[in-house]
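Here's the structure we're looking at; comments come further down.
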Amino acid sequence: MLPARTQGVRLERKKEAALLNTLKRPYLIKRLRITPVSCEGIPCSPCVAAGDRVEAGGKVAIPADARGIPVFSGISGKVETVGKRSLPEGGEESFIEIAAESDFKQAPPKFVTPRADAESLSGPDLLNLFCELGLVVTDGTNEPLRRRLETEGKPPRTIVINGCEPEPYVSSENILMTGHLPEVLKGAELLRKASGAERVVFLIEDAERELFELVKSKIYLLKAASFEVFKVPAIYPMGAADFLPAEFSLDSRILNASTAHAAYEAVYFGKPFFERIVTVAGECVAEPRNLWLPFGVSFREAVRACKGFLREPARLIAGGPMRGTAQRGDGTAVVTPATNAILALPAEIAGERREEPCIRCNRCVDTCPVFLSPATITLAAETGEFGIAAEWRVKDCIECGICAYVCPSKRPMIDLIHQAKAGL
Amino acid sequence: MSRAISCLRASPPHIAASDSTTKRIWWKCAALVPVAVAGILAGGMDFFRILMTSSAGAAAMEWLCGRSSGKKTTTTTGDAFLTGLTLAFLLPPGCPTAAILTGDFVAIVILQECFGGLGGRLFQPAVFARIFLDMIFPDRLEAPVLFSHANEPLVLGGILAGAAIFLSRRLIYFETPLWYLAISWMSALALGEMKDPERGFGITVFAAFFLITDTVTLPLTRKGANVFAILAAFLTAGLGLHYPAVAATGYAILITNLTVPWMNARLHPRPGEGS
Chain U
4 MLPARTQGVR LERKKEAALL NTLKRPYLIK RLRITPVSCE GIPCSPCVAA GDRVEAGGKV
64 AIPADARGIP VFSGISGKVE TVGKRSLPEG GEESFIEIAA ESDFKQAPPK FVTPRADAES
124 LSGPDLLNLF CELGLVVTDG TNEPLRRRLE TEGKPPRTIV INGCEPEPYV SSENILMTGH
184 LPEVLKGAEL LRKASGAERV VFLIEDAERE LFELVKSKIY LLKAASFEVF KVPAIYPMGA
244 ADFLPAEFSL DSRILNASTA HAAYEAVYFG KPFFERIVTV AGECVAEPRN LWLPFGVSFR
304 EAVRACKGFL REPARLIAGG PMRGTAQRGD GTAVVTPATN AILALPAEIA GERREEPCIR
364 CNRCVDTCPV FLSPATITLA AETGEFGIAA EWRVKDCIEC GICAYVCPSK RPMIDLIHQA
424 KAGL
Chain P
4 MSRAISCLRA SPPHIAASDS TTKRIWWKCA ALVPVAVAGI LAGGMDFFRI LMTSSAGAAA
64 MEWLCGRSSG KKTTTTTGDA FLTGLTLAFL LPPGCPTAAI LTGDFVAIVI LQECFGGLGG
124 RLFQPAVFAR IFLDMIFPDR LEAPVLFSHA NEPLVLGGIL AGAAIFLSRR LIYFETPLWY
184 LAISWMSALA LGEMKDPERG FGITVFAAFF LITDTVTLPL TRKGANVFAI LAAFLTAGLG
244 LHYPAVAATG YAILITNLTV PWMNARLHPR PGEGS
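Chain order of the listed sequences is U and P. Numbered according to our numbering, the first sequence terminates at residue 427, and the numbering increases by one at each position without gaps. Numbered according to our numbering, the second sequence terminates at residue 278, and the numbering increases by one at each position without gaps.
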């Protein structure tokens, strides 16, 4: 096991509620609103028109050049609208609305015949396949998988499959690895081959002992010599993609188990990337669970697939509670490749908090994983002394949110840090 | 799902630890309860009068300041109450009500509210008020009840019980008061001040846990807090050669408070320092 060399906090995990219920693919998805997002500046535009019929896995948007990735429909149905809408934060985005066909029951996508020559494909072939089938990295960056893996010079030494989910409630990677481990292992091998790396390292949190043993035993039984598994202390933010132990973040490509699984399905079954596992949880959800959800399904439909709300949530969040984004309350936000969780939290947990002045208790300083003094930085930001914030290395802040979490005065630390960074 | 969800756009994190400023300060007040009980048993109803006047006066002054300035009052956090309570332990028996309220006024209105309220003060307010009263009434303020009876088992027990509550709630780095205790004792031994060890022990424990641990006036790192305690302890011992215990402790803490900005500028957080 790796040593706990970092500051941070052991957060309450709260994953049991979702893990107690089985992974499910809801059949009652009636409508998708797919937004063809530009990947790293390469625009992606709709290739279907209103009235067209599409199959599950059918292409609905294509990139402007070969470096971009196409977008696929997650359900069979009729394209209702292809248009543009203005965003609340400014600018506009194009969208494609697809409504399910008559009986509104969607059979699971049929990608059932495994490819015979999957294991003989070369690295460049695999990279091309990933690109053709729209694979993006599922760690929230939305980066095309090919871009993450391909190298101009020396290939990376290690592919890191990060099975850590340090944020409470979120268990989508855990349930995928528990239920589909052989596929994840095969997918990881494909990623290793595509990148030219020497080895694959699986990282599992020490709090997930059963999962660690499961991965270890499967690696042993498969006699996968290039595979290793390590435990990482379940201290937030360790385990987050941008805060892994240095020995794994150097000369490596960090990917999630869900990316490895998507790679497996793409290569063996030719399945385009149009769905992922999303944890729908939080105290306000009637039946918290993990769901296979196609991209473009609304949060409202996702929660409905979990029997709706027990009571009105104070906050609806896309992602984990530490770094996720609060969404508009009407639940119209949609699932994207970056959505690993939809959380509905009650006022007791996520309600408005009364802000008090800083009492210099040093809790933020003692827990900051990058050894900053958030108290000094935020006090300087409050008075507009951005020079002091710069002197105290505000630019090194990874915005993990620990300082705001532990602050007894409930100060808006992240907002103030944003202000300080903007003021530099 | 038909109901509109009344949620807000807000920055992460969306959850928070259960700790709060109010809880922390009221726990500090709770830690002072055994000391207060011991003080009342040792000092009688006169000490009770001082205790009530000082704490209620301080809370009332903060509330009035909040009301008159139209700002959000922080009275419910208990900080003013704690300041009044701490000041009561530093006042002599028979202290006139006017002097008690003057002390409260200096601690709350001048030192705290004029510098932006809770979180804005530069000095430990109770200590500052006591030193201020010393200057106004140079010959009339004797040693506080607690300091005179610190060698009695009852008072010493109360102080130690309060210190135990303080440590168990992790309201301060555990080693900070221990540094103060150790250095004070070693310095007192070296300077030959140890005439009444039990009394000295009681006073030092009280100062270590209840006077130097005002987080608002401590440096912003663990190392800084410990350096603060060490410096305050040396100064207490040095000043103890010329001044009575309460004045020596008070001056030492106030002088060390002055060095806090200097310590903050130099003692940045380093790996391995956190809790």
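Beta carbons: idealized from backbone N, C-alpha and C, even for Gly.
**Study point:** Neighbouring residues, chain P, relative to Val409(U) (Cβ below 9 Å)
**Key:** Ala19, Ala20 and Asp22
Check your understanding: At a cut-off of 7 Å, is Gly123(P) close to the ligand GDP when judged by its beta-carbon and the heavy atoms of the ligand?
Key -> The ligand content of the structure shown is nil, which means the ligand GDP is not present either.
**Study point:** Short CB-CB distance (under 8 Å) between Asn267(P) and chain U
**Key:** yes
Point to revise | Of the residues Leu225(U), Ser252(U), Pro39(U) and Arg256(U), the one placed nearest Ser198(U), counting alpha carbons only | key: Arg256(U)
Review point. Which class does Cys406(U) belong to by DSSP, given the choice of helix, strand or coil?
Key: helix
Point to revise | Minimum C-alpha distance to Ile53(P) - residue among Ala236(P), Ile258(P) and Leu104(P) | key: Leu104(P)
Check your understanding: Just how far apart, CA to CA, sit Ser71(P) and Leu93(P)?
Key -> Leu93(P) has its alpha-carbon roughly 29 Å from the corresponding atom of Ser71(P).
Review point. If we count the other Cβ atoms within 10 Å of its Cβ and call it buried at 16 or more, is Ile238(U) buried or exposed?
Key: buried
Point to revise | Cβ-Cβ distance between Ala64(U) and Ile99(U) below 8 Å | key: yes
Point to revise | Nearest neighbour of Gly119(P), chosen from Cys68(P), Ile168(P) and Ile162(P) [CA to CA] | key: Cys68(P)
Exercise for review: Let me know the secondary structure DSSP gives Leu67(P) once reduced to three states.
Suggested key: helix
Exercise for review: Under the assumption that Ser76(U) contacts Leu35(U) (Cβ atoms under 8 Å), give the Cβ distance between them as a whole number of angstroms.
Suggested key: 7 Å
Check your understanding: Using a C-beta to C-beta distance shorter than 8 Å, which residues of chain U count as neighbours of Gly120(P)?
Key -> Pro360, listed in chain order.
Exercise for review: List the residues of chain P that Thr379(U) touches, going by C-beta distances under 8 Å, in chain order.
Suggested key: Leu223 and Asn267
Review point. What do you reckon, are the CB atoms on Leu238(P) and Asn267(P) nearer than 8 Å?
Key: no
Exercise for review: Identify each residue in the stretch 224-246 of chain P for which the Cβ-Cβ distance to at least one residue of chain U is less than 9 Å, and report them in chain order.
Suggested key: Answer in chain order: Thr224, Arg225, Gly227 and Ala228.
Check your understanding: At least one CB of chain P closer than 8 Å to the CB of Lys157(U): is that the case?
Key -> Judged by the 8 Å Cβ criterion, Lys157(U) is not in contact with chain P.
Exercise for review: Taking Pro141(P) as the query, report the chain U residues whose CB atoms sit under 7 Å from its CB, ordered along the chain.
Suggested key: Here the premise fails: no neighbours, minimum Cβ distance about 33 Å.
Exercise for review: Quick one: measure Cβ to Cβ for Asp72(U) and Pro147(U), integer angstroms, because I've assumed they're closer than 8 Å.
Suggested key: In the sequence on display, residue 72(U) carries Ile and not Asp. Indeed, because the Cβ distance is near 5 Å, the residues count as touching under 8 Å.
Exercise for review: Any chance you could list the beta strand (DSSP E) runs of at least 3 consecutive residues sitting entirely within the stretch 255-314 of chain U, in chain order?
Suggested key: 255-259, 278-284 and 292-297
Check your understanding: Which residues in chain P sit within 7 Å of Ile440(U), going by Cβ to Cβ distance?
Key -> The displayed coordinates of chain U run from 4 to 427. Any statement about residue 440(U) would go beyond what the structure contains.
Review point. Expressed to the nearest angstrom, what Euclidean distance is found between the alpha-carbon atoms of Pro156(P) and Gly46(P)?
Key: In a straight line, the C-alpha of Pro156(P) is about 14 Å away from that of Gly46(P).
Check your understanding: How big is the Cα-Cα spacing for Asp209(U) and Phe215(U)?
Key -> Each residue's Cα considered, the two are about 8 Å apart.
Practice item. Report the neighbours of Leu375(U) on chain P: residues whose CB is nearer than 7 Å to its CB, in chain order. Key: Pro272
Review point. Buried or exposed: where does Asp82(P) fall if 16 or more other Cβ atoms within 10 Å of its Cβ makes it buried?
Key: buried
Check your understanding: Ala235(P) to Ile256(P), Cα distance in whole Å?
Key -> 6 Å
Review point. Run through DSSP, which three-state label would Leu42(P) get?
Key: Correcting the residue identity first, residue 42(P) is Gly in this sequence and not Leu. The answer is helix: DSSP assigns Gly42(P) an H, G or I state.
Exercise for review: Could you name the residues of chain U that Val219(P) contacts, counting a contact when the two beta carbons are closer than 7 Å?
Suggested key: Chain-order list of chain U residues neighbouring Val219(P): Ile362 and Arg363, by C-beta distance under 7 Å.
Review point. According to the Cβ coordinates, are Arg137(U) and Phe276(U) closer than 8 Å?
Key: According to the sequence shown, residue 137(U) is Gly rather than Arg. Yes, Cβ-Cβ distance for Gly137(U) and Phe276(U) is below 8 Å.
Check your understanding: What does Ile320(U) reach in chain P if we use C-beta pairs closer than 7 Å?
Key -> His17
Review point. Which of the three DSSP states, helix, strand or coil, is assigned to Ile113(P)?
Key: Correct three-state label for Ile113(P): helix.
Practice item. Evaluate the contact criterion for the stretch 340-347 of chain U versus the stretch 263-283 of chain U: three or more CB pairs, one atom per stretch, below 8 Å. Key: yes
**Study point:** Per-residue DSSP class, three states only, for Asn154(P)
**Key:** Of the three classes helix, strand and coil, the one that applies to Asn154(P) here is coil, per DSSP.
Exercise for review: Thinking Ile178(U) and Leu26(U) are a contact (beta carbons under 8 Å), I'd like their distance in whole angstroms, please.
Suggested key: Yes, they are in contact, since the Cβ atoms of Ile178(U) and Leu26(U) sit about 5 Å apart, within 8 Å.
Practice item. Determine, using beta carbons only, whether Tyr267(U) and Val12(U) come nearer to each other than 8 Å. Key: no
**Study point:** Residues that Thr77(P) contacts on chain U, provided the C-beta gap is smaller than 8 Å
**Key:** Contact of Thr77(P) with chain U by beta-carbon distance below 8 Å involves Glu359 and Pro360.
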